[in-house]
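Below is one structure; the comments refer to it alone.
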Amino acid sequence: RLRPAFAYWGWRAVADHANEPVEPSILRLFASLELLHACALVHDDVIDGSATRRGLPTVHRIFAQKHREQSWNGSAEQFGLSAAILLGDLALAWADDIVATTDLPADAARRVQRVWADIRTEVLGGQYLDIVAESSGATTVASAMTVNTYKTASYTITRPLQLGVAAAADRPDVQAIFHDVGNDLGVAFQLRDDVLGVFGDPAVTGKPSGDDLRSGKRTVLLAEAIELADKSDQQAAARLRSSIGTELSDAQVREVCQVIESVGALAAVEEHIAMLTTRSLDAIEAAPINPQAKAGLSTLARLAANRTA
């Protein structure tokens with residue numbers, strides 16, 4: 002549970018009694034991040050039309066199958082989409098309930114509410130930017146990076162860290178440091194996801210190889226590949242542009258992967274992941290926070306950037 006884990010270490014970083022057990026109410030607050038994540042995943046699968054997640058049918062597919070099995074009226078597919086949207090909304094409502102009812106001192110509650118307002122706005126705004134990028138055919142690295150910052154970095158690492166700090170203490174200095182750490186590490190996390198979405202092992206990721214290519218996701222990896230190909234190999238650039246968002250066979254996916262690798266995009270993205278991870282680790286080490294939190298955050302940062310699924 003990556004997001005609650007970052008919130009936990011954000012709390013540990015500045016808590017007055019950092020070695021004492023965390024109160025159940027604080028752990029419950031951090032659980033709200035999992036409900037927000039559930040909302041985002043369910044809605045993301047609806048938007049992308051994904052059939053599987055982690056090797057299992059997506060929520061809208063499960064509801065559609067239930068409709069068919071019960072021989073209900075109307076379209077099974079539309080029922081599945083409608084039910085999944087409602088379930089995602091319910092998860093977000095439950096997350097709001099947790100944040101609103103967490104037992105905190107008044108000042109801490111206000112700090113937490115400010116972070117929570119930011120995280121909700123940014124994850125929804127980031128999702129909108131993502132669908133705009135896909136619909137408009139945007140292929141620039143800058144456009145993909147903007148989506149990464151708001152859709153992923155914010156609610157995956159930056160705001161969870163800041164939520165933990167907000168619940169524990171009024172530390173604007175640490176909040177500013179964690180803003181930069183979270184953005185760097187969150188973008189690295191998404192870049193790793195971009196790589197796994199094209200080159201990942203389906204047995205590990207739970208998604209078909211090349212799924213991001215077929216769905217038309219405007220990732221930094223693809224944008225980098227197109228920009229590099231435009232400079233060195235126009236035929237490769239045309240091949241990449243014509244492949245995004247099409248029903249590629251496994252053999253065609255392998256061909257596109259070879260193009261991405263041959264123009265240097267995979268190496269460039271891996272180098273960027275390493276740079277962002279190193280920069281975030283250096284910032285954590287220099288931060289005025291609890292030593293135990295430095296160690297915990299550093300371990301978690303490496304896991305986030307170097308995961309295989």
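Mapping of the sequence shown onto the working numbering: position 179 corresponds to residue 180, and the numbering continues sequentially without gaps.
Heads up, the beta-carbon is just placed ideally off N, CA and C, and yes, glycines get one too.
Which residue comes first and which comes last in the alpha helix (DSSP H) that contains V100? A77 to T102
Thinking C-beta only, is H68 closer than 9 Å to A85? no
Can you tell me whether DSSP reads R115 as helix, strand or coil? helix
Tell me, please, which residues DSSP counts as bridged to T140. Per DSSP, none; premise fails for T140.
So what does DSSP say about L301, is it helix, strand or coil? helix
Could you check which residue in L267, P173, A287 and S155 has the C-alpha nearest to that of D195? L267
With T309 as the anchor, note down where its alpha helix (DSSP H) starts and where it stops. Counting along the chain, T309 falls outside any alpha helix (DSSP H), and DSSP gives it neither H nor E.
Please work out which residues of its chain come closer than 7 Å, Cβ to Cβ, to I27, disregarding the five sequence neighbours upstream and downstream, and give them in chain order. W12 and A168
Classify G201: buried if its beta carbon has 16 or more other beta carbons within 10 angstroms, exposed otherwise. buried
A268 - containing alpha helix (DSSP H), residue span: A266 to A287
Taking the alpha carbon of P128 as the reference point, which residue from V148, V260, W95 and R308 has its own alpha carbon closest? For clarity, residue 128 is Gln in the given sequence; the question names Pro instead. Of the candidates V148, V260, W95 and R308, the one whose C-alpha sits nearest the C-alpha of Q128 is V148.
Below 9 Å between beta carbons: does that hold for R112 and D174? no
Segments of 4+ residues assigned as alpha helix (DSSP H) that fall wholly inside the segment 135 to 189: 142 to 148 and 160 to 169
Cα separation between L37 and L304? 21 Å
Taking the C-alpha atoms as reference points, what is the distance between S155 and F80? 32 Å
With C-beta atoms as the reference, is T206 less than 9 Å away from H180? no
Where P5 falls: helix, strand or coil (DSSP): helix
Under 9 Å, do R219 and R308 count as touching if we go by C-beta distance? no
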